[in-house]
Structures are given as structure tokens and as C-alpha cells.
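Going down the list, the protein sequences come from chains A and P. Under this note's numbering, the final residue of the first sequence carries the number 615; numbering is consecutive throughout. Under this note's numbering, the final residue of the second sequence carries the number 1002; numbering is consecutive throughout. What follows is a single structure, written as C-alpha cells, with notes after it.
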Amino acid sequence: MFRFIHSADLHLGKRFGSFSGDLPGRLREARHNVLARLADDAHSHGASAILLAGDTFDTETPAPDVRRQALAEMAQHKDIRWVILPGNHDSLQAAQLWSNLRNEAPDNVVLAVDPSPIALAEGVALLPAPCTTRRPGRDLTEWMDACATADGMIRIGLAHGAITEFSEDKVASDVITPDRAVKAGLDYLALGDWHGAIEVNPRTYYSGSPEQDRFKHDRPGEALLVSIAGPSASPQVDRLRTGTFVWQSLDLHLLDGEDPVQALAQLLPSADRRHSLARVQVSGNARLAARTALAHAAADMAHDFAWFELEDSELVTVCEVDDLDQIDKGGALRQAADALLAEGRDDRRSEQDRGVANAALARLYAFAQQVS
Amino acid sequence: MRILALRLFNVKRFAGRGVAIENIGEGVNVLCKPNEFGKSTSFEALHALFFQPHTSTAGEVRNLRPYSGGTPVVQADISTEAGQYRITKQFYTGKSARVEDLVSGRLIAQADEAENFISDLVQGGAGGPAGLLWVRQGITGIEKRSKAEEDNEKQVRASLLESVQGEVEAVTGGRRIAEIMNKTSISLDALVTPTGRPKSGGRYAIACDERDRLAVAERALEADVQQLRAALDERATAMRQLTELQKPDEKAKRVADITIAQSAIETARQLADRLKAAEAELALARERHQAAHSENERFQDAVVEVKSLEALTHKANLKRDDAVAKRQDTTATIDAARMEAEAAEKEASEARQLLARLDAAEKARTAADRLVELQRRLQNAETARETIEAAEAELAQVKIPADAIDELQDLDVEIVQLRTLRDSARPTVSIRYEPGHTGSVSMNGAPLIDGQEHGYDGHATLVAPGIGTIALRSNQPERSDDQLEQLVAKRDALLSAMGVADLAAARARQVEAQKLEAQINEAKAVLRVLAPEGMPALRSEIAAITPDEAEEIELKADPVATRQVLEDAEHRRQQANQKARDAEPVRERAEGAFVGAQTELATLAARMQQTAALLGPADLQETKETELQDRLAKLSEDLEQAEAQAEALRAKTPDLESLRAAHKRLVSVDQGIDANIGQLRETIAGLNAQIKARSDDAVEEQWSETKDALEAAQMRVAGFEAEVATLQRLATALDSARSDARDLYLKPVMAELKPLLRLLFDDVAITFDDKTLLPQTILRNGQQEDVDRLSGGMREQLSVLTRLAFARLLARDGRAAPVILDDALVYSDDDRIEKMFDALHRQANDQQIIIFSCRQRAFQQLGGNILQLSDWDPT
């Protein structure tokens, strides 16, 4: 029985420049902390190795502190073998990085920089396919087919890249054949690149990133605990929750008359909002008052979250006479409101113009509430 | 809309009972009762009926309830263009709203539908003023006001003013719109300048600046990253090259290659020397062989040549003989022809001389004849000339100019004319003698003939014999002109010049002259025939004939025969000459052929001599030929041997130059690689430093961070742009709505208000604030007054008038609504109130006005339909 943790795409050192305040720092810190989290999981599940299938570092030239602290963290867990595979973000082209790593790596860290088998443990051969360049333009796992290992060895492949047209970086010229595990007689092929965990086939898995870094996968960071009973045995794969921050993109579809504040509250997670990044896409219909209330509620709720955004350009403002009555029953104000409402509903106008008119009407409503 | 009746039950003080106001008519309706009679209650009930939903429990509805509680019921009958209806509302318990057809009693609508029906009535369409036709002590009735406020006497004045403002506001949005516009513009001002550019220091501008800054930084970092990546790639390549170059066995191999190349050069050099010697030997053998070969060839050629020369000489001899024969033949022909030509020439010459002498004789004879003729002509010509000269001399004597005769003739005629004229003007005397009379009277000595008239000039003396002398005086003045005398004198002068006595003599002379002229002409013609070119020419022609020419030669020979002899001789000579000429070219050709043949023979002889020398004596020729053949064969053998030797060496000897080039190349490759290694090491060192610096700076991380930040900043700017667009759109919407409102309502209302104001005040105008559209100042008697400072009376009057103006506007629009006034004229004095009544009546022509008042005495003057309260039992 060989047990290890399969993870990838740690993207250490990623800076999250699109956020402000202390959030980028917290997100970076969480990425670093995931190393300890993986080690703890390995300890608690009796895994002897942690395979990092590429993109351990976000760039080819991570800041020295990022690199050194990561290695230090790995060194702390002496009984675990860490295998670092070059991915497309930290390919072998980053010669400086890899020469630094070679110089600095502690004994329990294996740099899988050559396409040749590594004895991972007694009776376990690791076949890595390191990324030679940012875009190798070929299937780097091809060599595994012809690589012979002693009989009775567990063969584990380690690679980074897309298996089909999808890729995190939308570069699809170098596609790993999905049936590589079968072709090369691998017991397990550990893949990196896709940030959400996916089972490609019973012997091929993407572990996903242990700490999410974007609104794409709507799932907390995970790692895979892989147990292989022996050569040719089906691997047992279990998902481990590792992520600290949850990135969620949520859809809020409102019906006219529905209470948007309540709907929003129900939609949003109630637990650990501090570690939650939420992007709410609002669609459907809402009355002026509801819309205003929703905006207020969103502004109020945003304080609970690490990051919160309400995107309501898809939300159609429904205006009834009594909504407009709240602006004014008659006169010029009412006329302005009517004009804006008509413009917002005028199909002949551009989407943008209608949006502006709707927003202007909502603003008029809000102002009218303030001055009455 | 018109209200026909109002009924209420269990409202306020009418707890548990009902009252009704029936028969509300068109025009002015007045309910004038003392206080606490239920007027205000009626007003409030009516207002609640129209403006409060039946489900409402709002303050206004609450106020309708009597202290004892219960359910207030309000009912009104109304008339619209569509028909007559009864509207009933019950509040609180059993709350309901109903609309029935007044005539048929049919239920038309209830509950919410009834509310909608009512709402349509009072609103009269979107945007129209709703409750503004209700006035109650200056309160519009739709404004929410606390009881305390209402009770406050001080507030009343203010609210009176505000009621007018309220009218306007209801239309234009007034303060609210101004306030919202203010908010909009404050929000907008915080972001952009009036021209729509980001306001510096504002959040928008900061976001823009941040975005621009990030864009610059991002580009710079991208360049850094690209540089770093380029450096990494370059270093990788350099490293790879270096490793390749530095492989130890490679270097050893290069050195070994160079040594091998060098020894190859040495071997090749030795071989080359041997080859050179062999080549020299070969050259010698070839030369010898060549010489022998040439000699042999020359000998063979000479043998052939001799044969050919002999044939040629024979042919040339034949040619020469032929030419000689031809030459002799033609020379004889030519000599014979020459002799004949000379004989013919001699004969021709004799004939020619004879002919010349015959000609001379003929010429001389002709000249003598001509001389005689010419001399005769000269003589005749001399005669003619003499005749001409004599005639011309005579003519000079008698010649009269032709015009002189004409002039003389003219003068004679003129003189006669003048004389006649003068005679006719002269006094005349005529006498008739008595028969038997003797003697006669004479005048100036001339006898007067009987019956004849006698003229006289100036005076005359008549002598009548026997009687005496009679003096006659004409007493006519003497003629001043002497024209006649002049003419006579002229004639006389002319005559004397011509040398004739009178005209007849002149004419005779003229005839004589003409005769002479004819004679001269004739002589001249003769002369011209005789000597056409003049006498001197004739004379010189005579002189030209020389005496010897004229000499006569006597010859008996016949010129014609002589000429024939000459011609024959000439012909013979020509023919002989032609014959000689014909033979000449033949002879010349024969001569040429002879010379050619001779030359050819000489040449052939020379060549023969040369060839013979080459061949040697004829008896030794054969031996010589054999010798030559044997030597050639031997030398050929030698040459072949030498060639084979040289060829063998040549094949063995490699190209020394290419060996040297290969060696040179190997050496330079080795040196180049050494240099390259040095250079690569340098490059790598340089790149190492560069990469190290950049890697430690983590430029890629910075780049991706900046990229994200830039994206976020762009989003932020987009957000601000959207915000600005929204605010700008709102501002535009508000602006255009306000100006529309002004155009739609405010201006027409002002137009309506003007005549009403004039009823009350002379020379009054209201100005409205352009921004808030609220009444601002009153212009009265040329003085501006702030509206706030007007008297209470003035304000309430303004308020009522404004309402009436609105009502009128609505009526014109086909949406007539009743104007309802509850104690609206409290502060007005008697004078003004009458004027207000006038205004109301004027307005009431097409308008329902319902007035509630407690001022019984004052309102007696109002007239109109007096309303009464009656009991009403709703059951």
C-alpha cells in the first residue's frame, strides 16, 4: 500500500493586485499556509509523499522570501517527501529558479526536473513530465510509454497541462493524451493545471488547486489523498478540503414582488464570511424600491465578507405606477421619471442607453426618498 | 367634473346622523353658515372621498371619525361628460367604495376598481395637477400638516403663501425637483467638471490617474519581464552551446585532426617533387617526338608538292602560248584599220578646205549686195529727215495753242453778251419822222434813223436841224465795273499774242498748222521704215561691211558635190577607227594573259627549287624517307613511357593546396571554439547578473500584480463613468422635465392668472424664480416686493386666483374640475372681497365653484347658488 497526497497549482507568491487593502496579503498568506495544511493532512492520513503537479510558484522568478519560506516549510516536515514538478508558470525555462531550488532544497524535497523515473519509495516509481518551457508544444508524457520499470513496481505519472481543449491559461497546443495512464501502464497519473479537482478516468486525476485563486470553480480548495494497494490495483482517491478562502460566484434571480434582501441573505453563505469572496450576479426583475433596498443590503452585507460584489446590470427594473408615485404623483419630477422609464424600456435604444436610463431612474427614486 | 350633491353620515360632529348638501349647481355655490355648523366637516369629508382610499386609516380619515367612533360614510353625486355617478365610501368597519350610475342605479365599480375610477376623475390624466383645486385657508389639503402646525396662527400666513407655491410645485416639482437636481449636481460635481472631464482631486480623477499610472507601470514591468525571459532563454542557449563546446574528447579530436592534416601535407610535398621531375622528362620526350614528327611530315609534303608543281607548270605553259597567239592576231587587225583611217582623213581634209573657200566667196557676194541697199536707204532717210525739219520749222511759225482759240471764242461771246446787256439798259432815243419830213435829227453826230432806237450813255446831244440841239441826260450813275472793257482788253492782248487780227484769222492759222503736222508725221513714218534703229545705226551698219568681204572670189567647184566627198571620207575614217578600237581589248586581254602566265611560271619555278632542296638529291630520297620513319617510331615509344610514368606519379600526388586549406580550417575551428567558449562564459556571466537582479526583484510577480491592479482600476474607472453617465442622464431628464413643465403648465397658468390679477390689482405682475419655479417677487406700482412680505390678505387672494387660473386651464383642456374653497378669504377687506367675488363669478361661467364660509355678512354680497344643509339618512 502506497499513500500520497496529490496537489498542484499552489501558485505561491501570487499577489492578487485586483484587490485592495489587506486582502491580497491574506490571500497570499493563505497560499503559503496551505503547505502546512497539506503536511498535516499527510500526517493524519498516513501519506508519505506529497506530489505537487506543477505551478507551485506563480512566476518564473518568485521573490526570494516566497521561495525560501516555502522550502523552509517543507523542510519542517522531514518525514514527508515533497516532489516539485515544473509547471507552465514555473517551467524549466526559469533556470534561475530551478538552480536556486537545487541549491536550497532540503533533503526531503525532490525536484522532478528530468523525464526519468524517480524511486519514490520502495517499489514505487515516479515518472515525471516536467514542463521544459512555458509552452512546450508537445505531449511531455509521451516518454512514459517507453519507460520500463522493474516488474512489480507501482508506476505513478506526474504531469502538468491540459488533457483537452480546456486549460487554465487557454493554451491548448500541448495536450496530454487522456489515456496516457493506460498507454504507459501507470497506476495513477497525477495532473496539475486545472484549478478544480476532476476525475479524468479512474487512474487519472486533476487535484485542483488547494487554495482557490479565482471565481471559476465555485468550490473550496481541495487536495487528493491517493492510496494504491499495489501494482495494477485501482487507486483509492479521496478529496481533502484544504482551502481557507472560498471564492463564490452566485446567481441571484429575482422575481417581481420577491423580497430581494431576503433572497440575497438566503443565497449567501452564513458561515465564515470573513474567508469568503463572493460575486453575486443579479438577474430577473425588481421594483424600484426593491432594487434600492437590494443595493443598500448589498452595501451593508459587503462588510461581512473578505470581498463582495453585487453585479446588477442584468437586473431589469420593473416600474409600476405606484413606484413612480413615490417619486411624485405628478408634475415635472413625475414627468422626468416617466421619461426615464420609457427610455429604459425602449427596445430601439442601445443596451447601454437603456441601462443608463434605468440607473438614472433608480437614482431619482433614491434621491426622491431622501428629499420628501 | 361637477359635484351635484354631497352627503355624509357619522362624520365628526355628526355622530350617528347624516347631513346632505343637495342641488349643488354650476357656477358659484355658497354654503355660508356660522362656525361649528359643519362646513369644514363637509369639506374634509369631500376631500377624503376623493383622495383617501376606503381602506385608509390615515390621519385624515381618522379625523373624520366622531369621538364616539363608528364608520363614517361619505357620498357624492357627480356629473362628468361620460355620465352621472354616485360615489360612496365607507371607512373603517365594513369599509367599502362604490360607484353607481346615478340614473339607473347600476353598480359600475367597487373596492379598488372604484378607487381607480375616482383616481381617474381627480387626476385627469398623468402629470396634471390633482388636488390643487382644493383650498382651505390656504392649505391645499394634500399636504400633510400636523394639527399643531395648522393651529399655529403664525404658520397660517406662511402656509397661505406655500399654497400658491404648492400649486406650482405640484406642477413643476418645485422645491423637490430643485433639491434633487441639487443633489444630482453635487454628486456630479464631485466627479466631473462642468465640461464632463474628471475633476482633479475628485475620486473619479484619482481613479483615472491611478489607472494611467498602473498602465505605465504595467508596461514597464512587462518590458522587464520580457527582458528577463529573453535573458533566461539566451542564457539557456549559451549554456547549451558551452556544454557542447567544452566536451573534453572534442578538443582532443580537434588536435589529432590538425596533426593528421599536417603529416598529410608533408607526404604530399615529397610526391610533388618527384612528379615535377617526371613532368620535365615527359616534356623533353614530347619535344623530341614533335620535332621528328614535323620533319617527317615536311618530307612527305615535299614529295606531294613536287608532283603538284609539275602539273601546274605544264598548265601555265599552255596558257602562255595561247596568249601569245592571240596577241599577234589582234595587232595585225589594228594596224590595217589605222592605215585606212589615215587615208580617209587625208581625203576629208582636202574636201573640207575646198568647201571653206566656196563659203567665203558666197559670203562676199552677199555683203556687196547689202551695201548697195543700205546706202540707198540712207539717202532716202536723209531726204525724209530734211522734210521733217522744214515742216517743223514752218509749224513753229504758225502753231497756235488749241485752247487759245477756244478762249478767244469764249471771250468774243462774252463780250457780245455784255454789250447786249449794256445796250438794253441804256436810255434810248427813237424818232418817228413826220411824213414828208426832210432832214433828220442826229445824236452825238450820228443821224437817228426813223423807228430805230439809239442808245447813249450818260448824256447825249441831239441836233434837230431847224429846231436846235437837245441835250439828253440819263442821270444814271456811271457804271462802276469795267468788265466789258477788261474783256475787250484781254481779247486784244490774246489776238496780238497770236499775231492775228481776229478769230477767223486764228482759225485759218490753226488749219494751216494741222496740215504741217500731218506732213511731219508722214515723213517720220517713212524714216522709221528706212532706219528703224535710227540713222546712226544705219550708218554704222554700212561701215561694218568690210571691203574684203565685199571682194568677190571666183570658184567653179560645186559645193554640194564637195560636201558629199567630205562626208564619205569621214564615214570611212570613223569605220576604220571603230574596227581598231574593237580589236584593242582583245589584244589587251591577250597581253594580260601572257604576263599572268609568265608570272605563274616564275613562281612555280621558285617553289620547285625550294621543294627540290628539301628532298635532296633524287637518288637518295628513298633512303632518307626510311631513316625518318624509323626515328619517329622510336621517339613515340619514348614519349609513351615518359607519359605513363608522369601519370602514375600525378595520380599518387594529392592536392597540396586543399590539404593546406583543410589544415588551416581545422586550426581556425579550434581557435574559434576556444574564443567562443570565452565569449559564452562572458555572456553567461553578464546574463547571470541580470537574471539574478531581476529574479530577486520578483518582476513577474510585480507584473501580474500590476496587471490585476490595472484591471481593477479600469473597472473602477468604468464604474465612475457609468455613475457619471447615470447622473448626467438624470440631470438631463430633470432639466428637460422642468422646462417642459414650465412650458406646459406654468406659462399657460401665468397667462390665465394675468387677467385675474388685473381684476383685483392694477398693475401687478408676479415673477417666478427661474430655478425653483416658485413665486418670488410681486411687481406692484413699479415696486418689487418679496412674496414673503406680502400681507395675509394679498397672499390668500393670490392663492385663490392662482387656483382659479389652474382651474380655467384644466377646463380649457376639457378636464373641468370644481374649485372648492373653505374659509379661503379670511384676511380680505370688504373692497377686495367684492373684487374677488367678481373674479369668482367671472370664472364661474364655465366652472363649478363651491365656497364654504362663516363670514355671512361679507359673503351675502357674493350671490350665487345658496346651499343648505339638510338631514340625510343613508339607509
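All C-beta atoms in this analysis are idealised placements derived from N, C-alpha and C, irrespective of residue type, glycine included.
* Residues that E838(P) contacts on chain A, provided the C-beta gap is smaller than 9 angstroms -> G260, S261, listed in chain order.
Quick one: Cα of E827(P) to Cα of A532(A), how far?
-> Between the alpha carbons of E827(P) and A532(A) lies a distance of about 47 angstroms.
On the CB-based measure, 16 or more other CB atoms within 10 Å of its CB, does Y449(A) come out buried or exposed? Buried is the label assigned to Y449(A), since at least 16 other Cβ atoms lie within 10 Å of its Cβ.
Note the first and the last residue of the continuous beta strand (DSSP E) segment covering F610(A).
-> No beta strand (DSSP E) holds F610(A); the alpha helix (DSSP H) holding it covers 594-614.
- Task: Please name the residue, chosen from I947(P), R362(P), D965(P), that lies closest to P882(P) on a Cα-to-Cα basis.
- Result: D965(P)
Q) Can you name the residues of chain A whose CB is closer than 7 angstroms to the CB of E832(P)? A) R258, G260
| Straight-line Cα distance separating E345(P) from P478(A) | So the two alpha carbons sit approximately 46 angstroms from each other.
Between the Cα of L731(P) and the Cα atoms of I527(P), E477(P), K442(P), which residue gives the shortest distance? Of the candidates I527(P), E477(P), K442(P), the one whose C-alpha sits nearest the C-alpha of L731(P) is K442(P).
* To do: For V473(P), count neighbouring Cβ atoms within 10 angstroms of its own Cβ and tell me buried if that reaches 16, exposed if not.
  => For the record, residue 473(P) in the displayed sequence is Lys; it is not Val. Counting Cβ neighbours within 10 Å, K473(P) comes out exposed, since fewer than 16 surround it.
*Segment contact, 8 angstroms Cβ cut-off, at least three pairs: the segment 303-316 of chain A with the segment 248-257 of chain A*: yes
Inset, instruction - Could you tell me the boundaries of the alpha helix (DSSP H) in which V713(P) lies? - result: 686-742
Spatial neighbours of E349(P) within its chain, please: CB distance less than 7 angstroms, with the 5 preceding and 5 following residues excluded, ordered by chain position. W830
Could you tell me whether the segment 359-368 of chain A touches the segment 327-346 of chain A, where touching means 3 or more Cβ pairs closer than 8 angstroms? no
Tell me the start and end of each unbroken beta strand (DSSP E) in the segment 257-314 of chain A that is at least 3 residues and wholly inside, in chain order. Counting only runs of 3 or more, we get 292-295.
* Asked: Is DSSP giving H249(A) helix, strand or coil here?
  -> strand
Q. Beta carbon of V226(P), beta carbon of L191(P): below 7 angstroms?
A. no
Report task. Decide if the segment 598-610 of chain A is in contact with the segment 846-856 of chain P; the criterion is three or more beta carbon pairs, one per stretch, under 8 angstroms apart. Result -> Yes: at least three Cβ pairs fall under 8 angstroms.
task: Look up T555(P) in the DSSP assignment and give the residues it is bridged to.
output: G582(P)
What are the partner residues of N444(A), as DSSP defines its beta bridges? T447(A)
Notebook entry, point to check: Touch check for the segment 182-189 of chain P and the segment 134-151 of chain P: three-plus C-beta pairs under 8 angstroms?
Noted result: no
Tell me whether E1072(P) is buried or exposed, calling it buried when 16 or more other Cβ atoms sit within 10 Å of its Cβ.
Because chain P in this structure spans residues 128 to 1002, residue 1072(P) falls outside the shown range and cannot be described.
For this session: Could you name the residues of the same chain whose beta carbon sits closer than 7 angstroms to that of Q579(P), not counting the 5 residues immediately before and after it, in chain order?
Result: S557
Q: State buried or exposed for E557(A), treating a residue as buried only when at least 16 other CB atoms are found within 10 Å of its CB.
A: Counting Cβ neighbours within 10 Å, E557(A) comes out exposed, since fewer than 16 surround it.
Look at the Cβ atom of A334(P), then the Cβ atom of V844(P), and state whether they are nearer than 7 angstroms.
Yes, they are a contact pair.
- Message: Please report whether the beta-carbon of K791(P) lies at a distance below 7 angstroms from any beta-carbon of chain A.
- Response: no
*Exposure of K434(P), with buried meaning 16 or more beta-carbon neighbours within 10 Å*: exposed
Answer yes or no: does any C-beta atom of chain A fall closer than 7 angstroms to that of R367(P)?
no
- Item | Span of the alpha helix (DSSP H) around A624(P) | 610-625
Alpha carbon to alpha carbon, what distance is there between S866(P) and R591(A)? 25 angstroms
Relative to the C-alpha of T510(P), which candidate in E149(P), K651(P), I804(P), P321(P) has its C-alpha closest?
Looking at the Cα atoms, K651(P) is the closest of the given residues.
Subject >> Three-state secondary structure (DSSP) of L148(P) >> reply: Checking the sequence, you will find Ile at residue 148(P) rather than Leu. I148(P) falls in the strand class under three-state DSSP.
Cβ-Cβ separation, A450(P) to A684(P) (assumed contact under 8 angstroms), whole Å = Between A450(P) and A684(P) the Cβ distance is about 53 angstroms, and since that is not below 8 angstroms, they are no contact.
Straight-line CA distance for V525(P) to R636(P)? The alpha-carbon atoms of V525(P) and R636(P) are separated by roughly 6 angstroms.
Beta-carbon within less than 7 angstroms of G221(P)'s beta-carbon, same chain only, minus the 5 sequence neighbours each way: which residues are those?
T198
Closer than 7 angstroms, CB to CB, is K874(P) near chain A or not? Residue-level contact check: K874(P) does not touch chain A, since none of the beta carbons of chain A fall below 7 angstroms from its beta carbon.
Review point. So, using beta-carbon positions, are F986(P) and V155(P) closer together than 7 angstroms?
Key: no
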